[in-house]
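Shown next, in structure tokens, is the structure this report addresses.
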Amino acid sequence: MLELAGIIILGILAQWVAWKFKIPAILPLILIGLLVGPIAAEFITQDGSKWIEPVWNGKKGFFPGDGLYYFVSLAISIILFEGGLTLKRAEIKNVGPVITKLITVGSAITFLGSGVLAHEIFGLSWEISFLFAGLIIVTGPTVITPILRNIPLKKDVSAVLKWEGILIDPIGALVAVLVFEFISVEGHVGFTKMALIEFGKIILFGTTFGFTFAHALAFMINRKLIPHYLLNVVSLSTVLLVFVESELFAHESGLLAVVVMGMVLGNGKLKNLKELLYFKESLSVLLISILFILLAANIDFEDLLLLYNWKTLALFLSVVFVVRPLAVFLSTMNSSLKFNERLFISWVGPRGIVAAGIASLFGSKLLKEGVEGAEYITPLVFMIVLGTVLLNATTARLFAKLVGVFLTKSDGILIVGASKVSRLLGHYLYENGRHVVLIDSNEKNIEKAKELGLEALTTNIYSDTLMDNIELNDVGYLMALTGNSDINKYAITKYGEDFGENGAYRLVTPLEMLDDSDNPKEGLFSHKDDYSTLYALARKHPSINEIELEDKEHYQDLIEVTNKDKDMIPLFIKDTEGELHIISSFNLEVEAIEKGYQLVYIGKPFDVEKVQTT
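The numbering of the sequence shown is full-length UniProt numbering, which starts it at 1 and goes up by one.
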């Protein structure tokens with residue numbers, strides 16, 4: 001009981017440390033696992049026993065036989081399902097072909113290159129070398145996501161790394177399984193035919209089960225056939241059912257099935273999707289915390305000593321600085337990605353839970369069968385996992401700045417509220433080349449925003465999920481446009497520092513409108529207009545207009561007109577480069593107005609000549 005409670009406590013502590021120091025949680029988790037496992041057995045305990053023994057050894061241990069690996073498989077299925085839920089088709093409209101090549105051509109290059117290197121450097125048999133290579137194909141969302149959260153990148157670069165990390169997991173598992181089966185088949189007779197059959201079965205049953213059960217679950221949720229208090233546990237049990245059933249029909253097709261299921265649900269019209277994501281995310285954090293500690297603790301100190309030589313460093317450097325860049329650059333040829341973006345993607349390739357889990361499973365099985373060189377599988381894979389995570393966690397941000405992919409100018413705009421006013425403003429900003437994200441707890445408003453082609457998220461402003469959204473890394477402006485002044489103020493207070501580094505604005509309140517001296521610095525557009533007047537105008541004149549300016553005096557004349565005319569509210573100044581500058585109610589003065597600048601306003605068109613002659 002003490003050991004089980006200790007794993008959970010240490011796991012959550014490691015997650016907190018990772019959050020505090022902005023590093024992937026896998027790093028402290030593996031270090032804790034090594035400490036309570038092989039290091040404790042070798043240097044701390046007198047009887048040479050581990051503080052935590054994952055596999056039953058006749059005296060103590062959590063899992064008998066292959067029980068640990070059954071637990072690992074089920075846990076990985078839940079983690080990958082949660083990752084699949086976050087994959088949105090809209091993210092990859094510019095880089096879809098790149099992602100496809102990375103998980104096909106890139107995987108093949110990584111597999112062949114790493115296999116040859118392991119054989120030449122460590123002298124392992126071709127079978128063991130390519131099993132190692134199959135295991136390190138994967139990158140993994142559990143290690144990519146924390147790194148991307150802390151680096152403001154161009155959206156396409158983040159999308160490539162995120163999608164690769166999730167989609168490549170089942171591919172790496174599939175390749176590793178095929179190599180494992182090749183090693184296990186006596187004499188390898190007829191393996192090629194068997195491999196093709198197995199590959200076809202995995203694709204067929206994985207996609208079929210994932211697609212079918214996703215639609216079935218969505219139907220039940222949308223028709224309210226599942227009571228709300230059972231929603232999360234029914235979804236969890238369905239994921240496990242899909243994984244197990246798919247595995248029964250085709251071994252190792254379960255991972256593909258749960259990723260497909262998550263993608264279908266995440267891109268469909270599923271009610272309660274956010275609630276489902278919150279639950280799965282919390283569960284994934286707990287499972288990852290337990291898994292990495294158990295798997296690291298299961299390594300023996302003798303296995304670690306196998307790596308205490310120059311060959312380990314040579315293999316690591318070759319995989320990171322030769323194989324990964326070669327795979328990325330060949331996969332991104334003739335793509336829209338620039339050279340520095342391709343260079344950054346080639347630098348970031350940390351391995352995660354799938355590599356560690358399957359390596360532990362296959363390594364132990366081959367050891368029992370007496371396969372020569374099998375003792376190298378688990379420590380070598382863990383070396384790649386720990387080394388790549390440590391390298392990327394400590395250098396990715398600096399490297400992003402060195403190669404010029406670090407966004408020094410965050411000009412994306414987060415709009416709180418997705419009412420008609422917000423949609424009108426958001427669409428105009430989007431049409432003028434700005435990255436715009438609307439958030440609202442009202443699903444109907446979000447659906448209407450998406451119909452306009454806008455990026456919109458169903459989010460509760462009081463939750464912390466926005467802070468973890470890597471798609472918001474380039475956001476530097478915050479505009480709170482809801483009809484609730486308390487929510488607007490809360491949004492500025494909570495998110496102003498993170499998403500409003502270049503400006504955080506909100507609509508003035510009715511009380512502030514009555515008092516000219518009470519004009520907040522974050523006031524938006526006009527001190528004479530709150531949400532009610534803005535919304536009424538948007539319904540009466542649902543259009544945003546532009547009028548060319550002659551000079552600063554002309555601009556001031558127009559502002560005077562908008563102050564008197566209730567059918568016009570100023571919004572932005574558009575300069576000659578097309579850049580939009582938000583007008584603040586606190587300060588309507590503009591430092592410089594040149595000929596060719598434009599005043600952007602919402603409301604009715606008016607006679608320019610009339611204004612110029614007044």
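Cβ atoms here follow ideal geometry from the backbone N, Cα and C, with glycine treated the same way.
| Check | Outcome |
| --- | --- |
| Are the stretch 70-78 and the stretch 310-317 touching, with three or more C-beta to C-beta distances below 8 Å? | no |
| Let me make sure I understand the geometry here. Which of V157, D440, M263, L236 has the alpha-carbon closest to that of V328? | V157 |
| Would W347 be called buried (16 or more neighbouring beta carbons within 10 Å of its own) or exposed? | buried |
| Let me confirm a value: K604 is counted as buried when at least 16 other C-beta atoms fall within 10 Å, else exposed. Which label applies? | exposed |
| W310: buried (16+ other C-beta within 10 angstroms of its C-beta) or exposed? | exposed |
| Between which two residues does the alpha helix (DSSP H) holding L549 run? | Where L549 is concerned, there is no enclosing alpha helix (DSSP H), given that its DSSP letter is neither H nor E. |
| Are F209 and A257 touching if we call contact CB-CB under 8 Å? | yes |
| Comparing C-alpha positions only, which one of T378, L174, T139 sits nearest to V160? | T139 |
| Taking C-beta to C-beta, are V259 and L112 nearer than 8 Å? | no |
| Let me know the secondary structure DSSP gives T562 once reduced to three states. | helix |
| Do the stretch 10-29 and the stretch 297-304 meet, that is, are 3 or more Cβ pairs less than 8 Å apart? | no |
| Quick check on T238: buried or exposed, where buried means 16 or more other Cβ atoms within 10 Å of its Cβ? | buried |
| Between the Cα of F199 and those of A173, N222, L425, H581, spot the shortest distance and give me the residue it belongs to. | A173 |
| Would R423 be called buried (16 or more neighbouring beta carbons within 10 Å of its own) or exposed? | buried |
| If we ignore side chains and look at the alpha-carbon of each, how far apart do L34 and I573 end up? | 58 Å |
| Can you name the start and end residues of the alpha helix (DSSP H) that G115 belongs to? | 107-122 |
| Distance, Cα to Cα, E431 vs T493? | 29 Å |
| Taking all protein chains shown into account, do 16 or more other C-beta atoms lie within 10 angstroms of the C-beta of V354, making it buried, or fewer, making it exposed? | buried |
| According to the neighbour-count rule (16 or more other Cβ atoms, all chains shown, within 10 Å of its Cβ), is L241 buried or exposed? | exposed |
| Using C-beta distances below 6 Å, list every residue in its chain close to I32, excluding the 5 sequence neighbours before and after it, in chain order. | L10, A14, I293 |
| Would you kindly work out how many angstroms separate the C-alpha atoms of A396 and I151, rounded to a whole number? | 8 Å |
| Using a Cβ-Cβ cut-off of 6 Å (strictly less than) and excluding sequence neighbours within five positions of P146, which residues of its own chain qualify? | P24 |
| Span of the alpha helix (DSSP H) holding K311? | 310-318 |
| Would you call the CB atoms of S235 and L255 closer than 8 Å? | no |
| Which same chain residues end up closer than 6 Å to S253 when comparing Cβ atoms and leaving out the 5 residues on each side of it in sequence? | I202, F205, G206, S246 |
| Strictly by DSSP, which residues pair up with V600? | E546, F572 |
| Return the Cβ separation of V437 and L452 in integer angstroms, given the expectation that the two are a contact with Cβ distance under 8 Å. | Between L452 and V437 the Cβ distance is about 13 Å, and since that is not below 8 Å, they are no contact. |
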